[in-house]
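**Student:** One structure coming up, written as structure tokens, with questions to follow.
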């Protein structure tokens, strides 16, 4: 008997086992690193015959489930900073709105697509390499290094600037005190970048939380998932309402795999040290960067593609 | 003796006349199996057999044609001499969403392109009617359009895909098999049978394949199309509940250890 199932909105038949496997893999990465995983899942869904617009929108729907499952797993371990998450989320909503408008302006200027893509690749290469080198250095200097907040010996210009900002708030879960303007502002930045790049932004948000907000790695993962859960709820409803591109049946099969995967990922994350997690995350960021670069450098077999997708 | 000859002649005449009239009546008649297809949960595409009674000589084309539509696609090109990126859009006007043709031999050997284009047979005919001529991007990239559609199995061709049987002086049966992939949108699809003789072609007959969705799939589609907001909220609620339940199940499991 064929294990294919017909998906009503995608309008195609896909193997259930493949979908469950994809869901579980992406859920695992999500629970481990605090990313949505859309940057991996959406292209894979397109590859197995899902129309690009349906793949991107349905991905958001299943991320709601995976991030809920992952957030619960992290909340149980006390590694979700709700206060920080809400501030980043508020900034993200504002940034997303600005970003969508900015895209229109940039596109009207002509070469925007090229500039955006190159900036994105350079940024991913920078973040990935920095994280990788930093974690290696940190592991070498202190083998027992774990989930500590990054504290430079001498306050840097950035630290002094952070310190001088008003509206100080204590973030108990993260064990830090900083101005509420920081998460709000960085939330706006990630929101703008996500809107421009057309991705969820988890793998930009995670390094920002580690290096700019100086939160402990394990709290970063839980808080990122908490935030992604709300972002994807909004995207799912909007996509379904405006574009009718959410395939509920597809999302349901994916989320069976991804919710379980997210739990396994969160459990695996607890067994790893913060530096080990950072190294793995930096490798993922670098893989995404290399994949994007390869796609751009190799001449495609077919010079036409359907509109939509990431 | 003469009586028997008259009777025998009369019988032979009747038999011959009915055979000829049967053949004439049947020529161009099309049988499609299956003609009605219902898409359900486990639908994975269908093989459709088209049989038609055709004249004893000449070549045959059998084609399945979907609804005509406009298709806008992203065009990829080299930017700054290195990177392959989206560099604009192309729009094909009036192209079928499905186009599957089978012929008894190569189309170019049956008739000239003008004849084929006037009958809307073959990929070149689609190129002619959907683009603004050889200077347009759409024309230049048409081969890529066909590649894209062929990859999805929404377009296909087989120039040895029509087979004949039961040849006699009056007519033959032509048979062609096409595969309708799961990706076909629902609706009606035109099945056309053409006969070509001495470089000239004509439509011998046409019929339809009807594709519908089962009631539960129709319900989901109509909920999405007519109540998008409600559909989106329900999708989010189910995702939240599923994520929550799995989270709690794993949590409970851990509590037991």
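Residue numbers (our numbering), protein chains in the order written: chain L, 1 to 310; chain G, 1001 to 1257.
Backbone N, C-alpha and C define an ideal beta-carbon position, used for all residues, glycine too.
If you follow the alpha helix (DSSP H) that residue 256 of chain L is in, where does it begin and where does it stop?
**Tutor:** Segment 248-271, the alpha helix (DSSP H) holding residue 256 of chain L.
**Student:** At a Cβ cut of 8 Å, what residues of the segment 1205-1238 of chain G count as close to chain L, listed as they run along the chain?
**Tutor:** Within the segment 1205-1238 of chain G, the residues whose Cβ lies closer than 8 Å to some Cβ of chain L are 1213, 1217, 1220, 1221, 1224, 1225, 1228, 1229, 1231, 1232, 1233, 1234, 1235, 1236 and 1238, listed in chain order.
**Student:** So if I threshold CB-CB distances at 8 Å, which residues from the segment 36-51 of chain L count as touching chain G?
**Tutor:** Taking 8 Å as the Cβ-Cβ cut-off against chain G, the residues of the segment 36-51 of chain L that qualify are 49.
**Student:** So if I threshold CB-CB distances at 7 Å, which residues from the segment 1172-1185 of chain G count as touching chain L?
**Tutor:** Residues 1182, 1183 and 1185.
**Student:** Within 10 angstroms of the Cβ of residue 1101 of chain G, are there 16 or more other Cβ atoms? Answer buried if so, exposed if not.
**Tutor:** Its Cβ being crowded by 16 or more others within 10 Å, residue 1101 of chain G is buried.
**Student:** How many Å lie between residue 1038 of chain G and residue 251 of chain L at the Cα?
**Tutor:** In a straight line, the C-alpha of residue 1038 of chain G is about 23 Å away from that of residue 251 of chain L.
**Student:** Can you give the Cα-Cα distance for residue 1122 of chain G and residue 1193 of chain G, rounded to whole angstroms?
**Tutor:** Rounded to whole angstroms, residue 1122 of chain G to residue 1193 of chain G spans 13 Å at the Cα level.
**Student:** Please compile the residues from chain L whose C-beta is within a distance smaller than 8 Å of the C-beta of residue 1070 of chain G.
**Tutor:** In chain order: nothing, as chain L lies at least about 12 Å away.
**Student:** State the Cα-Cα distance for the pair residue 102 of chain L and residue 191 of chain L, rounded to the nearest angstrom.
**Tutor:** Approximately 11 Å between the Cα atoms of the pair.
**Student:** If you reduce the DSSP assignment to three classes, tell me which class residue 1096 of chain G lands in.
**Tutor:** Residue 1096 of chain G: strand per DSSP, three-state reduction.
**Student:** Would you mind working out which of L/77, L/68, L/218 and L/52 sits nearest residue 278 of chain L, comparing C-alpha positions?
**Tutor:** Of the listed residues, the one whose Cα sits closest to residue 278 of chain L is L/218.
**Student:** Hey, could you find the ends of the alpha helix (DSSP H) residue 26 of chain L is sitting in?
**Tutor:** Start and end: 16-33.
**Student:** Using DSSP bridges, identify the partner residues of residue 1041 of chain G.
**Tutor:** BP columns for residue 1041 of chain G are empty, so no partner.
**Student:** Looking at the C-beta of residue 64 of chain L, does it have a partner C-beta in chain G at a distance below 8 Å?
**Tutor:** Yes, residue 64 of chain L counts as interfacial toward chain G.
**Student:** State the beta-bridge partners of residue 1159 of chain G as determined by DSSP.
**Tutor:** In DSSP, residue 1159 of chain G forms no bridge with anything.
**Student:** So is residue 201 of chain L buried or exposed if we call it buried at 16+ other beta carbons inside 10 Å?
**Tutor:** Burial call: buried.
**Student:** Below 8 Å between beta carbons: does that hold for residue 1103 of chain G and residue 1162 of chain G?
**Tutor:** Yes, Cβ-Cβ distance for residue 1103 of chain G and residue 1162 of chain G is below 8 Å.
**Student:** So which residues on chain L does residue 1190 of chain G lean against when the C-beta distance must stay under 8 Å?
**Tutor:** Near residue 1190 of chain G there are no residues of chain L at all, since even the closest Cβ is about 20 Å away, more than 8 Å.
**Student:** For a minimum of 3 consecutive residues, which ranges assigned as the beta strand (DSSP E) are wholly contained in the segment 1085-1131 of chain G?
**Tutor:** Fully enclosed beta strand (DSSP E) runs of 3 or longer: 1099-1103.
**Student:** Determine the chain G residues that contact residue 263 of chain L at a beta-carbon separation under 8 Å, and present them in chain order.
**Tutor:** Result: 1246, 1247 and 1250.
**Student:** Please compile the residues from chain G whose C-beta is within a distance smaller than 7 Å of the C-beta of residue 233 of chain L.
**Tutor:** Result: 1236.
**Student:** Give the straight-line distance between the Cα atoms of residue 256 of chain L and residue 1245 of chain G, rounded to the nearest whole angstrom.
**Tutor:** Cα to Cα, residue 256 of chain L sits roughly 11 Å from residue 1245 of chain G.
**Student:** Report buried or exposed for residue 1145 of chain G, applying the criterion of at least 16 other Cβ atoms within 10 angstroms of its Cβ.
**Tutor:** The residue in question, residue 1145 of chain G, is buried, as its Cβ has 16 or more Cβ neighbours within 10 Å.
**Student:** From which residue to which residue does the alpha helix (DSSP H) around residue 62 of chain L run?
**Tutor:** Taken as a continuous stretch (DSSP letters only), the alpha helix (DSSP H) holding residue 62 of chain L covers 52-76.
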